[in-house]
Every structure is written in structure tokens, then in C-alpha cells.
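A short write-up of the structure that comes next.
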Amino acid sequence: MALPDSFLPTTDIPDSLHDTLRRVEQRLREALTQADNLAEHRQVEPPSEFWLALSAAHREQLARVLVVSEFAAETLMRFPDWLAILDQDGELDSAPDDETMRQMLGEALERAEDEAQMHATVRRFRRARMLGIVWRDLTRPNDLTMWDTAANVSRLAEVCLDGALGWLETHFAPRWGRPAPRADGSEQRLIVLGMGKLGAGELNLSSDIDLIFAFPEKGTTQGGKREYDHQEYFTRLGQKLIAALDAATADGFAFRVDMRLRPLGDGGPLVGSFNMLASYYQDQGREWERYAMLKARPVAGDLEAGRELLASLRPFVYRKYLDFGAIESLREMKALINREVRRKGIAGNIKLGPGGIREVEFVIQAFQLIRGGRDTELQVTSLKTAMQRLPALDLLPQTVIDELEPDYVFLRDLEHALQAMDDRQTQTLPDDDIDRERLALAMSRPGHQWFDDWPALMATLEEVRERIRRHFDAVIADPEETTDAPESTDEATEDDEIPLDEWRALWRGELTEEEDRELLDNAGFDDPDVAARRLRTLRQSRAVQSMQRIGFERLDALMPLLLTAVGDSEAPDTVLERVLPLVEGVLRRTAYLALLRENPEALDHLMTLCAASPWIADLIARHPILLDELLTPATLYTPADKARLADELRQSMARIPEEDEEAQLEALRIFKHAQVLHVAASDIAGARALMKVSDYLTYIAEVVLEQVLVMAWRHLTRKHGLPVAKDGSRPTEPNFLIVGYGKLGGIELGYGSDLDLVFLHDGALQGSTDGKRAIDNAVFFTRLGQRIIHLLTAVTPSGALYEVDMRLRPSGNSGLLVASLDAFADYQRREAWTWEHQALVRARVVAGNPRLGERFEEIRRETLGRARDVETLRGEVVKMRHKMREHLGSSQSDREEGLFDLKQDAGGMVDIEFLCQYAVLAMSAETPALMEYSDNMRILETLESSGRLEAEDAGRLREAYLTYRHVSHRNALAKANARVNEADYHDLRDAVIALWQRWLEPEGIG
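Note that our numbering has the sequence shown beginning at 1, numbered continuously upward.
Listed below in C-alpha cells is the structure:
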């Protein structure tokens, strides 16, 4: 039955394409006439009857599909009955799910008796599914997007791969046998890794599929007519699988297969064992292969073994440090592409040209390569997923993603429309006017976007490419190309800024000594000769001379930028002296050289910090990973409060497997060093008051201690099971306390302070743990304490977390490492010395069970609130203080020189601390509010508010204490001596001594 003349509506078809549509319609009529004649001969329903029964909506869609896609038109002419099948199965409106596709292909493959039939089956299956995919992509039912199209093509490729592989394994099993099992007894199959857009699940409509083949272990096949070495078996199987999809037959091909991403490319073996692949990537893997492996995903064969393989290769792809060297590699890759684009004259290529698809992919994958080792959320194959995760990690603003994602989708839609026309892999815009109009129609969607003609489409494309190019340049561009420094003396700026090429000549030793001196003098160095000698010593050092090529190139590229930044600092001599040890320290870890070169702002922050503090310079030199922190000034100068610290640490730990304690401990050390750097940076910037500096340093210690307790508890309970509590239960949470004394307890930690700790538990005195390797309760808690100390103090390349002092526990070094809460209470009542009660004033729970913490506080208040003989108390406090001054205070010669020890001398910090402790012990029975706080400042405020201390005296003590602590912090950052010029603090010291004499030594001088 012939189709009527008005069968295909022209409602949304532009006038310029009406003739094209009519020609296609005429060819369809001829094909349908032949199909109807054949159906009549076979006595089956003619296909045209279904075509005539199409709904009006589907006819409009059909007209659009036919006029745009020659592939769809050719397919329907060859197989006119497929339209009915797709419509009945719902494929014109939605994609079949994986299970349905696998079942459809599997049933068809069961009828294939040889490879030729299998090839035909796979190709026809692929063609039918692609017809549905093209139809849906051009008509967009149910708000379908580019991402849906890309996912559907990827799933189709996976189903074809897996179906063909399964058929081949079964078909050749009688001749070749099956691989021998692995050492653990599990079966071995070929592993097919999808690379590129297949691995991402984001294939385009007519894409090659990039594959790598692997197998777990060597051996020989079993059960066949002859045995094959596994290498030969999997190679043969891989060759057959490639042909199953790639070979051109009368039915065309299913998918073009590209195997060049495997180790050694076309010159390497087609298939690699796990050991071979691991060895290759470890010893020979190149940067572009890291880039390629970002997308690797098991897509056929043994998927679980494929995931095992990729997990073993993850350290090659994702480095633990921030790897800014990856940008250099991406920049080089892009430069190669640009040269090829220029050579071939294909600047209009929407994939490879400026502002094209590849530039968006480079931007996103740059962040994955650089930060994926640290921010494991980026360890995903999907570009869409990685892109959407960047704002939450503060790597790209949401506003940038809001431009990049729709622009990328636009380009990919345009790519799909180009490829839908002829099922041909192309990203080149057409020259033919009709093809251009077809493309404009394909990109037009009622209610979303509409292009009246080709120029309208090109105008939008130009805007899209310009935005993408701007974002690409912001991430990938060479910093030397964007630096404000002129490249030659002819371009000298008004303020005589020294050009980069002069700094480069200085670094390379190309200038005379006189020219060196003049250049450094002009840059503001006070001693140019010393600066030149420092640079010469570094350049000629064995460490530099023995660097590998890529490392030396990174150093050579950094030094002119670094010297520019040094010259721009306020104290170039000092900054150079402090920053060169850092450069020397990272000569073997050249990714950090790349980090500084790629981030000029980070270099500026480094100069600021080094100029202000040798302590910070030394911290960064010892732990270069802290350079990462310079990349985010918002957090560098804004320390986190305790809630945010706990959340950041929780997120960091969540990225590391629970059983990998070594990695967790390393992450904990890096976290601590980084957070302390934030505090120090905000301190020197004047962004934080003194009290806040100590607060933040204390918060860091508390959060670390909480995590260490969790790790130690998990370690012990995993080995020995849970201890028994006094009520017979076995709580899963630690029934354990970490009590902070001294500066930690008093919320007054400084830079480099150690931690005074006491460990307490509330377990049963008898009983044992319930694990396979059970131990006594007492032994468990002792080992828990030992484990905590080990985790805190163990020294690794990242240093230790904290030095720990346990001497304040009951009975000091001769006492138990961990005491029960009851034993602690009894000790405080019966045996503790006065100095131990003084120490208890500054004690508070810093980690552990909140319920036990309440009980500790009850014991503390009971002990401190006890009525005491004031005279006896005064005598013991004074005696202890005199003893400390003798052993720890300034020497006679220091005093004669006018020096004053801020902490230990009379009138110093410890005097104020002792005054507070004396007051709490002497007055808490009558003034319980004094027991509320463990820090000296709030104790002084309570003494004032309760009338125990005159406001003027309290004010002078607070002023002295804050001043002493502020100077101590600054001295620590400056790595200066704790002894200062006494004359500068004479008045404050006199005020403290006066109150000491009035309260504690009314008849003598302290």
C-alpha cells in the first residue's frame, strides 16, 4: 500500500529542506513497495500498514529524523519492518535496559553457528539499537539529554563486547580449552578495560572504542584439543573479539576498535597479565598514560578482576601529593594537538580546535590528575560526575561549571548531530549548504533552542567556544605567558620591574659577577654578593647537577619566577635565605616545583610567610606537602573552628580504607601540620587575637586526640575483642578518657607545645576481652594507652603528631600508664601532693566518653573544692615555685645582662599560673565558681567578679599574662630566645611580683 503524498508533515522542517525530505520520502516509498511485495509473497502483514498507522507525533518525528540522518533513512529502507519493532518495544521513546539488551543479543547469538553469523548478528543488533538512539537523540522524548545518548551508546558497546566475548569463549572452548583457575581457585576470563569515553560511559554516536585487554595470572588452558599458554590463548581470544566488532562485512562494522592505548602501543603485546601491567606502569608509565587511565573501567569479561587490576594501578594514576606537573603534560599534549590542527587546517574542528570539546575535558581532567590522589571524590571515570564535584571541593567556582557544562553539552550535541547524519566519526563542520541546514535543524528543539539558519547556529557556537577557551586558559595556560613581568629590558615597566629573562640569566650563571651584583642590588638585596653565592651554590650542587631532565626543566622554569617574587618581597635577603632550603628539599619531589611555577599567587604567599617567620619557613621545608595549603588563601589565613576541623578530618579519613592505619596516620599528620600552618599564617597576618591563636591550636590537638583514640580503640578491639565494663556489658565505644593537663588543659597551647596527658578508664577490674586473642581488661587498657602514645609520637617522614608527657598521672613515671577512674579519685583524695592538685586546676577532658567525662569533672570539683589550711597551702606553693625558679629560671649572668625569662623568672607567666592555682585551691570551698574553668584568663575574671581580686589587680595580671603569651608566640615563630630584655617588661613584672608578695610571700621577696 503506497504512502500518501502528505504522509511526512513539514511542520518543523525549514523550507530549504523540503526538497530533501521529498526525495527521501520517494526512496522510502520504493523501499516499502518492495518490502510489501516480499511480505505478500511470504503471506505476512505488509510493513506499510504499520507505517500508515503511525501516530501524528511519530510522523513528525520521523520526518525530522529522515531529513537529518541519512543513516536512519538508509537503515529504514533496508529494514522497513524495524520501525514497527522499535515502536512496539518502546525504543522510539526510551532506551531498553541492560538486562533486556543482553537477553535480546544473547537469544540472537544462540542461533549463530559460526563466526560469520555471529558477526552479522552483532552488527544488525547494533544497527537496530543505534537507529533507536539516533531517533531519540534527534527528537528528545521525555526530556532526554546528551548525557542519556552518550550513556546509551556506551551501554550498547558494553553489551556487544560482552555478548561477543561470551560467544567466542564457548565456541572455541572445545578447541582451545578454558584458562586454568587462579591461585585462589577462581576462574580466569579475559578482562576488557574500556578507555576514553567508553570508560567514562559517555561515548559519542559514532565513536571508536579504546580498549585494553588483560588477564590475571599465567598458566595453560585446560579441556581443549590442545593446551595453550595463557598469553597465547588470551591473545587469540582478543584478536577474535576485535574482529567481532571491527571487521568490515556486508553488514558493515559494529564498533571500530582502537588498541593503541595499551602498554607500548601497537608494538606491545595485545594482552597483558596483571604482573606485566603493574611492572610496566610502575617502571615505564608515561604522563599521557596516566591521563588515559583516568577513564579506565572494566566493561566486559571478568568485571570484578578488572576492578582489582585498576585498584592496583591507582597509585600510578593518582599521586598522593598535588601533582601540578600534570598540567605541563596536558599543556604539551594540547600543543601537539594544536600543531596538528594547524597543519591539517582544521581549526573549525569542534573537538580538537580552540574552545573545543577536548579543552573542556583537559580542564576537568587536569584537576583529577592534580588532586585526585588527595580528593578521592575525583577518582571517577565520568567527566560529568567529576565536573559536578569540583565546586564542592573549592576547585572551580559554581559559576564556571554553570558555563562549562552547558557549553560542553552544546558541543557534544553538535558532535552527535554531525555523526547522526551518516553514522560517521567526524567533528568537522560541513561545507555543503544543505548539510548545514540539516545540522541547524538537528540542533533546534522547540521550547529549548531554535536556529533559523546556519549563521544563527554559528553565532552561538562562537560564543560557546570563546567561553570555553577563556576557562581553558585560566587553568592550563603557562604562567610565564600571563605574568606581568616583561620578557626583555626593552619592555621595562615604569617601576623598573626586572624582566624574567634577566632573572633567568642570573640563575643560569650567564651573567658576570658585576652584572649579578648590579641586578641583585637593583632588586633591593642588601648583600648582593651573599645572595649570588647562595644561588651559585644551589645551581652547582650535586643535587641539582644530578637531577633528571624533567626535574631540572621544572627547576629552571621556576627559578626566574621565584627570584621575581623574592625581589618583590620586603626583605629579599632574608626571604632568599629561608626559601632556598625549601627548594633544595623538593629537588627529588619535583611536582612541588611545578606547583609553585603553576601558581604564582602561591609563590607570593610563600614569600610573605618566609619573610615573616623562619619557623614557618622551616615547617614548610620539612613538610613540603604544606605547599598545597598556599593554593587556597581563604583557608590559609582563616583557621577552622573545632566543628569545621572535626568535619574536615572526618572527610579526609573517610577517603582512606579503615584497615590502612599507616595511610590514616599519615593523613592525620598532614592534617595537623596544615592546620597549624593556617593558625600561624593568620597570626602573622594579624588576623587573629592571641586568645584565638591558642584556642585554635588547642582545637587541633583535641580533634587529633579524638581521632587517635578511635584508631587505637579500633586496632585493639579488632585484635582482642571488646573489654568488659563494670556492669558486665561490652560497650562498642571507648569507655576511656584522655585528660589534658598544662597548656592543653588550660586552652593555652603554643606552637610546638607538647601534650600533658593522663589516661583513665572505667572497665571492670576483673575479666577479659571477648575476641579470639583475649587479654585481661587491665592489659587491654594499658595497651590502648601505649597505642595512643605510639600513634602520637611515632616519627615518620611527615614527622610526629605531638610530643607527649605522661608524668602528671598518679604516682608519675612509677605509676600505671592507665588508671581506673575509681583509682584516680582515690589517689586524689589520699595520696596526691599539693602540686598535683595545682596541676588538676588546669585539667579537663579532651577526648573520650562523655559520660565518663562528667564523672571526671565530679572528681575534679570534689578535689579542688576541699577546704584547706591556707598557711600550709601557701608554704607548699611557694616552696615549689622557688624550686622551679632555681632550676629553670634565668642564670645569674643572664640577670646581670638585663635578660628576663618570660615564663620562669619571678614576675613571669608561671607566677601568674601559680597565683591562679593557689586561689582555686584556697578559695573554691567558699567560691565554687572558681572551679568552672581550667584556663587562667577566665579564672582571673572569676576572681574579679567574685570580689576575691580587685579589678585593677586582675586587669594588670591579665595584661601581663596576655603580653607574655603574645611575645612567646612571636618568639616561637621567629625562632627567638625565650629570654627578653627585662626593661621592656619591667612595669608588668613589678605588678605580678607585687601581687605575689601580697598573696603568697607577705614577709619576703620572691
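Note that the Cβ used here is the ideal one computed from N, Cα and C, for glycine as well.
Alpha helix (DSSP H) segment containing residue i, residue limits
i      : result
Asn813 : From DSSP, Asn813 is part of no alpha helix (DSSP H); its letter is neither H nor E.
Gly785 : Asn777 to Thr793
Val400 : Gln398 to Asp422
Gly90  : From DSSP, Gly90 is part of no alpha helix (DSSP H); its letter is neither H nor E.
Straight-line gap, residue i to residue j (C-alpha atoms, nearest Å)
i       : j      : result
Ala128  : Trp713 : 59 Å
Asp453  : Val380 : 39 Å
Asp423  : Gly567 : 59 Å
Gln388  : Leu404 : 10 Å
Ser427  : Glu70  : According to the sequence shown, residue 427 is Gln rather than Ser. Going from the Cα of Gln427 to the Cα of Glu70 covers about 17 Å.
Asp1010 : Ser753 : Nothing about residue 1010 can be reported from this structure: the residues present for the chain run from 1 to 1006 only.
Leu21   : Met421 : 14 Å
Val704  : Leu665 : 10 Å
Glu857  : Leu816 : 21 Å
Lys772  : Glu658 : 20 Å
Leu322  : Gln368 : 10 Å
Glu1001 : Val992 : 12 Å
Ala994  : Asp901 : 18 Å
Tyr827  : Asp905 : 32 Å
Ala200  : Leu383 : 7 Å
Pro430  : Ala442 : 13 Å
Arg650  : Leu668 : 10 Å
Leu535  : Lys197 : 47 Å
Leu105  : Leu165 : 12 Å
Leu626  : Thr796 : 16 Å
Gly325  : Thr574 : 29 Å
Close-in-space but distant-in-sequence residues of the same chain around residue i (CB under 6 Å, 5 per side omitted)
i       : result
Phe472  : Glu359 and Val363
Ser924  : Leu864, Gly865, Leu930 and Met931
Gly1006 : With a pLDDT of 40 at Gly1006, under the threshold of 50, the predicted position of this residue should be treated as unreliable, though the coordinate-derived value follows. Ala906 and Trp996.
Met293  : Val317
Cβ distance (whole Å) where residue i is taken to contact residue j below 8 Å
i       : j      : result
Leu193  : Ala214 : 7 Å
Ala247  : His119 : 7 Å
Ala300  : Asp98  : Wrong, their Cβ atoms sit about 12 Å apart, outside the cutoff.
Ile468  : Ile327 : The pair is not a contact, with the Cβ atoms about 17 Å apart (cut-off 8 Å).
Ile212  : Leu168 : Their Cβ separation, rounded to whole angstroms, is 18 Å, which puts Ile212 and Leu168 out of contact at 8 Å.
Ala1007 : Val870 : Limits of the chain in this structure are 1 at one end and 1006 at the other, which puts residue 1007 out of reach.
Ser682  : Pro639 : 6 Å
Ala142  : Asp87  : In the sequence on display, residue 142 carries Asn and not Ala. In fact, because the Cβ distance is near 15 Å, the residues do not count as touching under 8 Å.
Endpoints, the beta strand (DSSP E) within which residue i is located
i      : result
Asp208 : Taken as a continuous stretch (DSSP letters only), Asp208 belongs to no beta strand (DSSP E), as it is neither H nor E.
Val980 : Arg979 to Asn981
Val586 : Segment: none, Val586 is in no beta strand (DSSP E) and carries neither H nor E.
Tyr741 : Phe736 to Tyr741
His837 : Not the beta strand (DSSP E): His837 falls in the alpha helix (DSSP H), residues Thr834 to Val841.
Arg297 : Arg297 to Gly301
Val910 : Unbroken run through Val910 is the alpha helix (DSSP H), Met909 to Met923; no beta strand (DSSP E).
His761 : Leu755 to His761
Leu193 : Ile191 to Gly194
Asp184 : Where Asp184 is concerned, there is no enclosing beta strand (DSSP E), given that its DSSP letter is neither H nor E.
Asp901 : Leu899 to Asp901
Pro820 : The amino acid occupying residue 820 in the given sequence is Ser; Pro does not appear at that position. Val818 to Ser820 is the extent of the beta strand (DSSP E) around Ser820.
Arg844 : Arg844 to Gly848
Own chain partners of residue i with C-beta closer than 7 Å, once the 5 adjacent residues on each side are dropped
i      : result
Leu631 : Asn599 and Ala602
Leu109 : Met118, Thr121, Gly163 and Trp167
Arg175 : Gly224 and Lys225
Arg842 : Tyr741, Gly742, Gly745, Gly746 and Ser934
Asp776 : Ser768
Own chain residues within Cβ distance below 8 Å of residue i, not counting five before or after
i      : result
Arg307 : Pro298
Val544 : Leu538, Phe552, Leu555 and Leu587
His230 : Pro179, Ala180, Gln188, Phe215, Glu217, Lys218, Gly219, Thr220, Thr221 and Ser273
Asp490 : In this predicted model, Asp490 has a pLDDT of only 41, less than 50, meaning its place in the structure is not dependable; the value taken from the coordinates is given anyway. Here the set comprises nothing.
Glu748 : Ser694, Thr698, Asp935, Asn936 and Arg965
Neighbour flag for residue i against chain D, beta carbons, 9 Å
i      : result
Arg127 : Looking at the structure shown, chain D is missing, and only one protein chain is on hand.
> Which residue spans inside the segment 599-646 form an unbroken alpha helix (DSSP H) run of at least 4?
Replying inline: 600-612, 614-622 and 633-636
> In chain order, which continuous runs of the alpha helix (DSSP H) of length 4 or greater are located wholly inside the segment 261-337?
Replying inline: 274-283, 287-293 and 303-317
> Whole beta strand (DSSP E) runs in the segment 149-182 with 3 or more residues, listed along the chain?
Replying inline: none
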